[in-house]
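Those protein sequence lines, which keep their order, are chains A and B. Sequential numbering from 1 applies to the first sequence in full-length UniProt numbering. Sequential numbering from 1 applies to the second sequence in full-length UniProt numbering. From the three backbone atoms N, C-alpha and C, an ideal C-beta is built for every residue, glycine too. What follows is a set of notes on a single structure, which appears directly below.
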Amino acid sequence: MNDLSCVGVTKKFGEFTAVRNVSLEVPPGSFFSILGPSGCGKTTLMRMIAGFETPSAGDIRIKGESVINLAPNKRNVKMVFQHLALFPMMNVGENIAYGLRCQGEQKSEIPEKVRKVLDRVGLPGVEDKRIEQLSGGQKQRIAIARCMVLQPDVLLLDEPLGALDLKLREHMKIELKQLQERFETTFLYITHDQSEALVMSDQVAVMNAGGFEQIGSPRALYDDPVSGFVAGFVGDANVLPGTIDEVRGGEARVILDGGGAVLARLADDSNTGDRVEIFVRPEALRIGGDNGSGSLSGKVDSLLFNGAASRILVRLDTGQLVEVADGDQASEVSAHDAVTVSWQPDRARVFVRRPGA
Amino acid sequence: MSRDAGRLSLILLFAPFALWIGLLIILPQIGIGYISLREKVGINEYEFGFKNYADFAQAAVYRNTLFRTAWISILVTMLALVLGFPISYYIAKIARERSRAALFLMCLIPLWVSDLVRAYGWIVLLRETGVVSTALVSMGVINEPIEMLYNDVTVIIGLVYTVILFMIVPLVSTMQGMDDSLLEAGFNLGGSRLTVFRRIVVPYAMPGIVAGCIIVFMITAGSYLTPVLLGGKNSSWFTEQIYNQFITRYNWEAGATFGVLLLLFTSLVVWLGLRLTGQSLATTVAKDT
């Protein structure tokens, strides 16, 4: 039985539909992320699971039982808030004991449970510290400990890394994943940061305009996006707008808007004459040669050095900038060189043009 | 800016406050304290001593008036807190952004009118020939007009009405700083409404509660117009005794003694109140977060 399932969940605020017919299944012990831009409805969905909003339609089940009519304080779903919401007037120990006391835990057992959970998050002996004495990463772990001490069926995390600086965020990503494995609890993680979702999750649901675009493993989303939105949102991609000239097998010949014809894999049911976009990852692009796609000529605009994530920026003759991955800095090009770029047609995807693009 | 200039501007900025405290608060209090220690032994003949205080201790009527004033002031403070807390909570957390300012302004409106006019407002409503009494008679609820002024209940109602604003303002400003997610976290971790109120809302609002209670208690204990006008001869309010000594009897020594005693006694009550509720000024009113 799955720890959490949503069936056709919809939420309307007046005329506006924030969440539209969303269904998901989260298997026990997995790290499930919901990834989407701000305003896509992911926070509303999480608030419905926690019980702070009531769905307009659909059902939410925890361990197979509907919780729609259960008050937030009766659901065994705990939440780490975006700004953590640690109680400033209590010390660390009291913050963690709060939930235990609400559950009517024996007074004599509380200190031991608090001590154990602090051990597990790697902060032993901080019971008497005040919240403002903790660093950002420590607060994060206390917020998780405060929930985990109650042994929830599902832990909800609402962009908890958003307030941290970059270095700490990178560190906490790994730490969160390790904590999830240590506690063997189902995590439902909400984020707009695709790298957080890709690194930590077993499954990711990509959300856009209130609905799910695709649910799959991080690799599946990256390698096999089902829509232009997913291809553009997950990972880096160069987007080349054009019109399909000819469909041959699984490949389409696309005339680019700025001129030039290229081959790419057709990824949805677009047909000849449709206005489309080609998505090519920077690492699929090659400088020079022709890998069967037809090549596009341009000039090297600049070289962006960033270690293994180094890029070559090429300004195509159409005026568009494309990023070419240059991880080992092996290409011997320099700024203003005339170059051609190409790709293997099966590593580029053609999707119908996104609205507004 | 050089160090001297910085120091000069600090002195200039501080000067109005220092003058106000020094000339209008400290100096008169020293004067009152001085007069209270002066014993009148003959015409224009004075000695120093505690005779005035001894006189006070022996006259039960004065002592009882002081206790009564303190007791009613405590009651008024508690009523203002109980009534003011939900109002403040509504303004700070439930009302929408736009109506918040309007509601706050509505609470402030009574301050536009002087104490005296407001007290007369109550008199117009509550006297024997007043609005309430006449209305009740014409509706047939009571047979003949009744006098609703000049009793303790009326005095308490009038005082609560006068001071409640000073409870609401500090409460609203502390509670406005409370993030809604604190309440949601309180529920999410299994707390009932009562638990969230008792363990999260009240502790968070504590600086405002302490500030509001101290202000309201001090204003009530030192008020004059409302108890005298609404309570009449029965009010037995301590400030009335001070007024009588200074103005009616021209006994400045006794009046000054009463003044000092009122200040000391109300300060003692505030101190006791803080001790009994386990609060201190440092962790509440002067909290730096």
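- Bridge partners of A/D59 according to DSSP: A/V7.
- Bridge partners of A/L321 according to DSSP: A/R315.
- Under the DSSP assignment, B/K51 falls outside any beta strand (DSSP E), being part of the alpha helix (DSSP H) whose first and last residues are K51 to Q58.
- Sequence-distant partners of A/F32 (beyond 5 residues in either direction) whose C-beta falls short of 6 Å from its own C-beta, in its chain, are V26, L188 and Q203.
- Not a single CB atom of chain B sits nearer than 8 Å to the CB of A/L70.
- Secondary structure within the region 158–197 of chain B: the alpha helix (DSSP H) runs of 4 or more consecutive residues, fully enclosed, are 180–188 and 193–196 (chain order).
- Membership of B/M106 in any beta strand (DSSP E) is not indicated; the residue belongs instead to the alpha helix (DSSP H) covering E97 to L108.
- Contact annotation for A/Q140 against chain B: no contact, minimum CB-CB distance about 14 Å [criterion: below 8 Å].
- DSSP, reduced to helix, strand and coil, places A/N73 within a helical segment of the structure shown.
- The DSSP-derived three-state label of B/Y150 is coil.
- Between A/M79 and chain B, the shortest Cβ-Cβ separation is below 8 Å.
- Burial check for B/S235: the Cβ neighbour count within 10 Å reaches 16 or more, so the residue is buried.
- With the rule of 3 Cβ pairs closer than 8 Å, the region 76–95 of chain B does not count as touching the region 227–246 of chain B.
- Beyond the five residues adjoining it in sequence on each side, B/Y90 comes within less than 8 Å, by CB distance, of L103 in the same chain, given in chain order.
- If you draw a straight line from the Cα of A/G211 to the Cα of A/C40, it comes to about 8 Å.
- Just so you know, the alpha carbons of A/V339 and A/R20 end up roughly 46 Å apart.
- Nearest to A/G250 by alpha-carbon distance, out of A/R353, A/R286, A/G327 and A/P345, is A/P345.
- Per DSSP, A/K299 lies in no alpha helix (DSSP H); the unbroken beta strand (DSSP E) holding it starts and ends at L296 to L304.
- Residues of chain A whose Cβ lies closer than 7 Å to the Cβ of B/Y34 do not exist, since the nearest Cβ in that chain is about 45 Å away.
- Among the residues of chain B, those whose CB is under 9 Å from the CB of A/N73 are G186, F187, N188, L189, G190, G191, S192, R193, T195 and V196, following chain order.
- As DSSP reads the structure, A/K12 sits in a beta bridge with A/T17.
- Inside the region 165–237 of chain A, DSSP marks whole beta strand (DSSP E) runs of 3 or more residues at positions 186–191, 203–208 and 211–216, from first to last along the chain.
- By the criterion of a C-beta distance shorter than 7 Å, B/A95 is surrounded in its chain by L103, once the five residues flanking it on both sides are discounted.
- Chain B places a beta carbon closer than 8 Å to that of A/G99, counting this residue as a contact.
- At a cut-off of 8 Å between beta carbons, B/D179 contacts chain A.
- Any Cβ of chain B closer than 8 Å to the Cβ of A/M89 would place that residue at the interface, and such an atom is present.
- At a cut-off of 8 Å between beta-carbon atoms, A/C6 makes no contact with chain B.
- For B/D179, the closest C-alpha among the options A/S297, A/G294 and A/A85 is that of A/A85.
- Cβ neighbours of A/V324 within its own chain (closer than 7 Å, five residues either side excluded): P282, L285, I287, R311, I312, V314 and V341.
- Proximity of the region 63–72 of chain A to the region 175–187 of chain A falls short of the contact definition, fewer than three beta-carbon pairs being nearer than 8 Å.
- For the region 143–166 of chain A, the set of residues with a beta-carbon nearer than 8 Å to any beta-carbon of chain B comprises R146, C147 and L150, in chain order.
- The C-beta of A/F13 comes no closer than 8 Å to any C-beta of chain B.
- For A/I110, the CB contacts under 6 Å within the same chain, skipping 5 residues up- and downstream, are A97 and L100 in chain order.
- Shortest Cα-Cα distance from B/S223 to any of B/Y62, B/R63 and B/S73 involves B/S73.
- Taking a contact to require three or more Cβ pairs closer than 8 Å, the region 151–160 of chain A and the region 112–126 of chain A do not qualify as touching.
- Of all alpha-carbon atoms in B/F217, B/I209, B/S36 and B/L264, the one lying nearest the alpha-carbon of B/F48 is that of B/S36.
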